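First residue of the sequence shown: 5, per this note's numbering; consecutive thereafter. Idealized CB from N, CA, C, for every residue including glycine. Quick caveat: nothing in here was measured; it's all calculated off a predicted structure. A short worksheet on the structure shown next.
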Amino acid sequence: MQIFGVDIGGSGIKGAPVDLERGDLAQERCKVLTPHPATPDGVADGVKQVVEHFGWTGPVGLTFPGVVTGGATVRTAANVDKSWIDTDARALFSGRLGGLPVTVVNDADAAGVAEMEFGAGRDRRGTVVLLTFGTGIGSALFVDGTLVPNTELGHLELHGHDAEKRASSKAKEDHELTWEQWAHRVQKYLAHVEMLFSPELFIIGGGVSRKAGKFLHLIEGIRAEIVPAQLQNNAGIVGAAMRAAKDGQEAAPQPA
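Put into structure tokens, the structure is as follows:
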């Protein structure tokens with residue numbers, strides 16, 4: 005079974021059909037740049053471009069870099085235009101895609117769901133925290149495999165600032181940090197999250213997961229196991245498709 009997944013990020017919008025049995029992309033993904041400013045109309049146009057690239061006409065799962073409630077309403081917009089707040093994202097995207105069924109979910113939650121099913125969190129119990137390091141820091145919290153949605157731990161305060169302003173991949177680039185300098189900041193952030201939630205496992209996702217060998221060994225003093233995401237930067241696409249498939253099953257008429 006295939007469902008289309010789209011991952012909306014601060015720098016790019018990427019998507020592809022997903023093979024839900026393998027938990028992997030069924031075709032090479034298409035990516036377009038996120039418009040700046042990242043307004044609802046501009047982002048919706050980018051999503052339409054990605055979906056139409058494949059001629060897709062079925063259900064679509066989309067991630068959003070912020071809190072999404074009820075599978076539709078955007079509540080925060082840290083790394084996109086503030087006009088997103090209170091937007092009915094499901095109605096917006098469905099309308100732009102010609103009425104296709106649409107599911108919208110927080111981006112890190114989607115990545116976490118995929119990693120727990122097909123990746124580094126598979127068969128792991130206890131408390132697991134996935135963190136995506138990119139334009140910001142996204143988070144997904146699981147307790148015995150159950151998601152606690154919309155945690156947004158990237159906005160915990162660290163040295164008087166949002167943690168993502170100091171320890172995201174973008175912060176590394178903006179401040180021209182070496183891998184060692186950046187790992188030190190990530191270490192302080194992980195220590196703070198560990199103090200609050202005492203996880204057994206940290207999964208490090210986002211684009212930086214491809215370069216785990218450059219920094220994970222530099223992080224010290226964390227009790228929890230720390231591993232890179234196995235699905236790397238495709239986790240959001242896979243997780244979005246998984247949520248869309250689940251919503252489709254729940255909406256389907258049940259036999260008498």
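Cβ-based burial, residue i [other Cβ within 10 Å; buried from 16]
{"i": "Val64", "result": "buried"}
{"i": "Lys86", "result": "exposed"}
{"i": "Ala260", "result": "Low confidence applies here, because Ala260 scores a pLDDT of 48, under 50, leaving its location unreliable and the question unanswered by this model."}
{"i": "Pro41", "result": "exposed"}
{"i": "Val147", "result": "exposed"}
{"i": "Glu119", "result": "buried"}
{"i": "Lys176", "result": "buried"}
{"i": "Asp127", "result": "exposed"}
Simplified DSSP assignment, three categories, for residue i
{"i": "Val64", "result": "strand"}
{"i": "Val71", "result": "coil"}
{"i": "Ile223", "result": "coil"}
{"i": "Leu151", "result": "strand"}
{"i": "Leu37", "result": "strand"}
{"i": "Val106", "result": "strand"}
{"i": "Gln6", "result": "strand"}
{"i": "Gly16", "result": "strand"}
{"i": "Asp92", "result": "strand"}
{"i": "Gln258", "result": "Interpretation of Gln258 is limited by its pLDDT of 49, a score under 50 that renders its predicted location unreliable; the figure taken from the coordinates is listed afterwards. Coil."}
Identity of the residues DSSP links to residue i by a beta bridge
{"i": "Ser143", "result": "Leu135"}
{"i": "Leu29", "result": "Val22"}
{"i": "Phe97", "result": "The partner list for Phe97 (beta bridge, DSSP) is empty, contrary to what the question assumes."}
{"i": "Glu229", "result": "Leu205"}
{"i": "Val78", "result": "Val72"}
{"i": "Asp11", "result": "Lys18"}
Beta-carbon gap between residue i and residue j smaller than 8 Å
{"i": "Leu96", "j": "Val117", "result": "no"}
{"i": "Ala93", "j": "Val72", "result": "yes"}
{"i": "Pro232", "j": "Ser202", "result": "no"}
{"i": "Ile241", "j": "Lys18", "result": "yes"}
{"i": "Phe137", "j": "Ile89", "result": "no"}
{"i": "Pro69", "j": "Gly140", "result": "yes"}
{"i": "Ile7", "j": "Leu29", "result": "no"}
Residue i: CB within 7 Å of a non-hydrogen atom of the ligand ATP
{"i": "Glu121", "result": "Among the ligands in the structure shown, none appear at all, so the ligand ATP cannot be discussed."}
Any chance you could list the beta strand (DSSP E) runs of at least 3 consecutive residues sitting entirely within the region 142 to 214, in chain order? Whole beta strand (DSSP E) segments, 3+ residues: 150 to 152 and 205 to 209.
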